[in-house]
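**Student:** Here it is: the structure, laid out below.
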Amino acid sequence: MSAFGEVGWLVFLCAFVIPFGVALVRNGAKVLSGEPEAGPRLSQLLMVPAGLSGVAIGSMVAQADLDTSQAQNQLTGFIVAFVLSAAAIVLTEARSTKAYLDLL
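Mind the numbering: the sequence shown is residues 142 to 245 in the numbering used here, read in order.
Next up, the structure:
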């Protein structure tokens, strides 16, 4: 492990990643239950992984040595995260979803 150590990663996960995941799941459940204000909130939350993945993809393509399997695996993970986030945003903002949530 690096100098950041196991405790540093645990603090990072507890402080940011886990609450963000809980917020995504909570708002996703509210969208499925038909709560009107959950759709736009979920779209805003999904912008975070889409934006971070887009920045990571751009920086890796610009600077990474893509001949290594580790860089290829990271790039694949970022692309998958970007595509899934973008697809979820499109589905959340779709006209049929807005009609389901009575936002039209």
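Where is the CB? At the ideal position from N, CA and C, for every residue including glycine.
(1) CA-CA distance, A203 and L225?
(2) Taking C-alpha atoms, which residue in G199, V148, S184 and K239 lies nearest to A228?
(3) What does the alpha-carbon distance come out to for the pair W150 and V166?
(4) Classify P160 as buried or exposed, calling it buried when 16 or more other Cβ atoms lie within 10 Å of its own Cβ.
(5) Do you know offhand how far T217's Cα is from S237's?
(6) Spatial neighbours of R182 within its chain, please: C-beta separation below 7 Å, excluding the five flanking residues on both sides.
(7) Expressed to the nearest angstrom, what Euclidean distance is found between the alpha-carbon atoms of L154 and V163?
(8) Kindly list the residues whose CB is nearer than 8 Å to the CB of G195, restricted to its own chain and excluding five residues on each side of it in sequence; keep chain order.
(9) With DSSP collapsed to three states, give me the class of P177.
**Tutor:** Looking at the atomic coordinates:
(1) It is roughly 22 Å from the alpha-carbon of A203 to the alpha-carbon of L225.
(2) Comparing alpha carbon positions, the residue from G199, V148, S184 and K239 closest to A228 is S184.
(3) Within the model, the alpha-carbon separation for W150 versus V166 is close to 22 Å.
(4) Exposed: under 16 other Cβ atoms inside 10 Å.
(5) Across the structure, T217 and S237 are spaced so that their CA atoms are roughly 31 Å apart.
(6) Around R182: N168.
(7) Taking the straight line from one Cα to the other gives about 12 Å.
(8) Sequence-distant Cβ neighbours of G195 in its own chain, meaning closer than 8 Å and more than five residues away, are F223.
(9) For P177, the three-state secondary structure derived from DSSP is coil.
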